[in-house]
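Take a look at the structure below.
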Amino acid sequence: MSSWRAMTAARNVAGMLEPRTNEDSVGERSSLSSSWFAALPKVELHCHIEGTMRPSTVAELSSTHGLPLPAASLDELFTYDDLTGFLTVFWFVQSVLRTPEDWERLAYESIVDGAVHGLRYREAFFTPARHLQDGQRLADIVAALDRGLDTAERETGVRCRLIFDIDRAFGPDLAVDHVRQLVDLRRSGAPGAERVIGLGMDSTERGIDPESFLPAYRLAHAAGLRRTAHQGENSPAAAIAAAVDVLGCERIDHGISIFGDPELVRRFADRRLPFTVCPNANVRINPDVVPGLGEHVYPAMREAGLLATLNTDDPALVGLDLTQEYELTAAAFGYDANDMVEISLDGIAASWLDDTEAAVLSQEVRAFARNASTGAPAPPER
Ligand code: HPA
Ligand code: ZN
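Under the working numbering, think of the first position of the sequence shown as 92, with each following residue one higher.
Take a look at the structure:
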């Protein structure tokens with residue numbers, strides 16, 4: 092066992108940030124127990140693998156590679172005013188991934204940490220643009236992620252597939268080059284390449300025309316990759332429409348600006364186009380856009396008939412986990428057990444699992460809903 096695996100096994104989730112509660116903005120508790128939220132089987136479709144890096148691992152790898160933390164403490168580092176500030180920190184966290192062993196460890200810990208929160212299946216983003224620019228090889232990164240995921244899958248039973256995310260900040264030409272490398276890896280049957288099932292796009296939205304990435308999306312589509320994109324986190328509804336109508340995206344990550352175009356809401360509700368929404372991360376990363384959970388459009392999205400799923404985005408960098416995501420969302424919007432089970436089932440419906448895999452997981456969620464105690468107080472005896 093490698094040294095980090097021995098330490099990881101002993102430490103498990105103990106190296107996480109103190110969880111925050113959003114209590115200032117919510118001030119309510121769900122009547123369901125935390126253990127019910129933790130045990131509810133869940134899928135996650137919007138989670139950046141780099142954003143699951145344990146703070147203890149960030150500290151350790153930054154020290155190993157001689158990269159001083161750009162703040163006095165991790166708590167200070169992981170507090171944000173807006174997406175731009177968050178991305179600076181996200182890029183620092185990415186920069187501590189220097190060797191295949193770092194990537195393998197990240198992948199392993201990510202799934203082990205998710206498993207204790209009822210995670211059953213994840214489609215996780217990885218965004219290797221800066222690593223490739225720095226001379227790392229895509230084949231090495233993908234193979235290392237695959238090794239870490241494989242070990243964690245065998246230990247936990249959780250399954251994980253990967254989505255290659257373009258970092259918009261590096262521009263459309265480099266995106267084409269990187270997608271071509273990915274397609275070549277898949278064609279040559281390189282280790283781990285079949286685990287990468289889709290193309291996405293994250294990072295800066297402001298001032299960037301999503302349509303400029305069409306050549307990269309065309310290449311991915313021709314190679315049989317699924318397509319999604321971060322849009323509408325802080326770009327207008329028109330950018331969401333372009334991602335779907337021009338780039339061919341089958342899902343939208345965030346999409347919270349969609350109410351800027353009521354006709355688009357109707358069109359995507361009719362199509363049941365999935366949105367991977369991250370309410371708690373939006374409050375913690377983009378307080379300039381979403382000052383409190385109570386002001387989030389998540390319930391409005393669901394009421395409008397949009398297939399709005401629930402996700403953590405960058406849990407370890409915002410002091411969040413998947414149990415809290417469900418529990419805080421239920422408390423803020425008055426959702427009961429049936430609502431939360433429906434949200435979990437919607438995650439499966441929005442996933443890129445095949446029909447058989449999706450049916451098996453849906454059965455697991457329904458069986459849980461029938462059999463698990465909600466922890467809610469029993470009605471008084473008469
Ligand atoms: N938005 C944009 N880029 C990102 C995010 C996000 O939520 N997380 C990591 N990179
Ligand atoms: Zn994201």
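The beta carbon of each residue, even a glycine, is placed where N, CA and C say it ideally should be.
Near residue i, which residues of its chain fall below 7 Å by C-beta distance, leaving aside the five closest residues on each side in sequence?
i      : result
Ala266 : Ile257, Phe304, Ala307
Pro370 : Leu384, His387, Tyr389, Thr420
Gly466 : Leu123, Ser124, Ser126, Trp127
Cys340 : Arg318, Thr319, Ala320, Ala334
Ala311 : Val270, Leu290, Arg318
Ala360 : Ala395, Gly396, Leu397
Arg393 : Ala399
With DSSP run on the structure shown, which of helix, strand or coil describes residue i?
i      : result
Arg461 : helix
Gly466 : coil
Asp404 : strand
Phe350 : helix
Tyr171 : coil
Ala250 : A small fix is needed here, since residue 250 is Arg in this sequence, not Ala. Of the three classes helix, strand and coil, the one that applies to Arg250 here is strand, per DSSP.
Val134 : strand
Val233 : helix
Leu160 : coil
Ala395 : coil
Leu452 : helix
Pro378 : coil
Arg228 : coil
List the residues that DSSP assigns as beta-bridge partners of residue i.
i      : result
Thr319 : Arg342
His139 : Phe216
Thr367 : Asp344, Thr400
Leu210 : Lys133
Near residue i, what residues of its chain come up, given a Cβ to Cβ distance below 6 Å and the 5 sequence neighbours on each side ignored?
i      : result
Ser348 : Gly323, Pro327, Ala328
Ile299 : Arg259
Gly209 : Ala129, Ala130, Leu131, Pro132, Lys133
Ala460 : Val432
Glu302 : Ala333, Val337
Ile434 : Leu401
Trp194 : Leu188, Ile232, Ala235, Leu236
Pro378 : none
Under 8 Å Cβ to Cβ from residue i, same chain only, skipping five residues before and after it: list those, please.
i      : result
Ile288 : Glu214, Arg252, Leu253, Ile254, Leu316, Arg317, Trp443
Trp182 : Arg221
Glu244 : Ile202, Arg250, Cys251
Just list the beta strand (DSSP E) runs in the stretch 255-340, keeping only unbroken ones of 3 residues or longer that don't cross its boundaries, in chain order. 287-293, 317-322
Near ligand 2, which residues have their beta-carbon less than 6 Å from any of its heavy atoms, given in chain order? His137, His139, Asp293, His321, Asp344, Asp404
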